[in-house]
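Novice: Sharing a structure below in structure tokens format, with a few things to ask.
Residue numbers (the working numbering): 6 to 265.
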């Protein structure tokens with residue numbers, strides 16, 4: 006296990022906190038890697054994207070994933086580094102299908118004439134999107150690997166900036182959609198499994214950050230990520246509660262309609 010502790014940059018002298026950090030780091034890696042899988046499966050299965058989907062928020066979250074990968078490498082948070090590498094490449098595939106099945110904005114009268122042209126354009130845009138995401142992911146992955154492989158120091162100022170901006174991006178990426186959902190009381194733009202995974206993910210990362218910080222004697226450096234993860238947990242927990250309530254009411258209405 007000494008080699009595993011070395012890979013995860015865990016101090017073996019603090020064995021209990023080291024083991025807890027390792028277990029939750031491993032869990033965080035698995036959960037983060039699977040963040041978008043439920044939504045990806047649903048898109049591939051239904052071939053439908055909600056018309057009110059805000060695409061810019063997915064790009065913000067993509068930038069946040071890159072940021073977490075780089076931040077993990079710079080701060081020796083190997084769980085964050087590995088988890089976000091895997092998540093980035095899965096997310097790139099997710100972005101491809103997000104654009105591939107983007108709703109066509111044509112009237113019924115124009116459908117036959119423009120459908121083929123628009124389908125080709127949509128397919129081309131999807132290919133461009135996955136090319137961009139894979140290229141950027143790979144470029145920043147190289148930067149992160151170089152930081153881990155070569156002995157060079159990153160300025161304290163850059164680490165502080167990353168510690169503030171990266172968690173903020175991941176927390177607020179979907180905030181406009183969440184606010185919109187609360188305003189309209191419609192919660193069908195994002196799947197329940199995906200929100201559930203986000204909630205569990207927040208809890209696991211908070212525990213990991215706390216114990217890895219304690220283990221390495223650098224807990225003060227992780228106060229910002231822990232705070233932002235706690236805020237994210239509050240947002241997604243509220244979203245999950247409202248989605249659950251929405252589906253319960255919807256199911257009740259359908260049952261009443263069938264009875265009538």
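Beta carbons: idealized from backbone N, C-alpha and C, even for Gly. Keep in mind the model is a prediction, meaning the values are calculated, not measured.
1) Assign residue 256 to buried or exposed, taking buried as 16 or more other Cβ atoms, counted over all protein chains shown, within 10 Å of its Cβ.
2) Look at the Cβ atom of residue 214, then the Cβ atom of residue 227, and state whether they are nearer than 8 angstroms.
3) Taking residue 80 as part of the alpha helix (DSSP H), name the residues at either end of that continuous run.
4) As a quick exercise: from 44, 17, 139, 70, pick the residue whose alpha carbon is nearest that of residue 170.
5) Let me know if residue 244 comes out buried or exposed under the rule of 16 or more other beta-carbons within 10 Å of its beta-carbon.
6) Of the residues 137, 181, 74, which one's Cα is nearest the Cα of residue 152?
7) What first and last residue would you give for the alpha helix (DSSP H) that runs through residue 222?
8) Less than 8 angstroms between the CB atoms is what I'm expecting for residue 204 and residue 241, so what's the real figure, rounded?
9) Within 10 Å of its beta-carbon, does residue 239 have 16 or more other beta-carbons around it, so buried, or fewer, so exposed?
10) Would residue 101 be called buried (16 or more neighbouring beta carbons within 10 Å of its own) or exposed?
11) In whole angstroms, give me the CA-to-CA distance for residue 172 and residue 13.
12) Going by the beta-carbon positions, is the gap between residue 95 and residue 144 smaller than 8 angstroms?
13) Can you name, in chain order, every residue of its own chain whose Cβ lies under 6 angstroms from the Cβ of residue 21, other than the five neighbours on each side?
14) Hey, is the region 247 to 254 in contact with the region 177 to 197, meaning 3+ C-beta pairs nearer than 8 angstroms?
15) Using C-beta distances below 7 angstroms, list every residue in its chain close to residue 131, excluding the 5 sequence neighbours before and after it, in chain order.
16) Check each candidate in 79, 218, 181 and name the one with the smallest Cα separation from residue 163.
17) Please go through the same chain and pick out, in chain order, the residues whose beta-carbon is closer than 6 angstroms to the beta-carbon of residue 300, but skip the five residues on each side of it.
18) Count the other CB atoms, across all protein chains shown, that sit within 10 Å of the CB of residue 133; report buried if there are 16 or more and exposed otherwise.
19) How long is the line joining the alpha carbons of residue 98 and residue 165, rounded to whole angstroms?
20) One question on the structure: do residue 23 and residue 10 come within less than 8 angstroms of each other, judged by their Cβ atoms?
21) Can you check whether the CB of residue 157 is closer than 8 angstroms to the CB of residue 62?
22) Which class does residue 144 belong to by DSSP, given the choice of helix, strand or coil?
23) Would a C-beta distance cut-off of 8 angstroms place residue 3 and residue 176 closer than the cut-off?
24) As an exercise, report each continuous alpha helix (DSSP H) stretch of at least 4 residues that is fully enclosed by the region 185 to 218, in chain order.
Specialist: The relevant details are as follows:
1) exposed
2) Remark: C-beta atoms of residue 214 and residue 227 approach each other more closely than 8 angstroms.
3) Segment: none, residue 80 is in no alpha helix (DSSP H) and carries neither H nor E.
4) 70
5) Flag for residue 244 reads buried.
6) 74
7) That residue, residue 222, is in no alpha helix (DSSP H); it is neither H nor E in DSSP.
8) 5 angstroms
9) exposed
10) buried
11) 21 angstroms
12) Against a cut-off of 8 angstroms, the Cβ pair of residue 144 and residue 95 comes out as no contact.
13) Here residue 21 has no same chain residue with a Cβ atom under 6 angstroms from its own Cβ, once five neighbours each way along the sequence are excluded.
14) yes
15) 101, 104, 105
16) The closest CA to that of residue 163, considering only 79, 218, 181, is found on 79.
17) With the chain represented from 6 up to 265, any question about residue 300 goes unanswered, as that position is not in the structure.
18) exposed
19) Cα to Cα, residue 98 sits roughly 31 angstroms from residue 165.
20) yes
21) no
22) helix
23) Nothing can be reported for residue 3, as the shown portion of the chain is limited to 6 through 265.
24) Listed in chain order, nothing qualifies, since the region 185 to 218 has no complete alpha helix (DSSP H) run of 4 or more residues.
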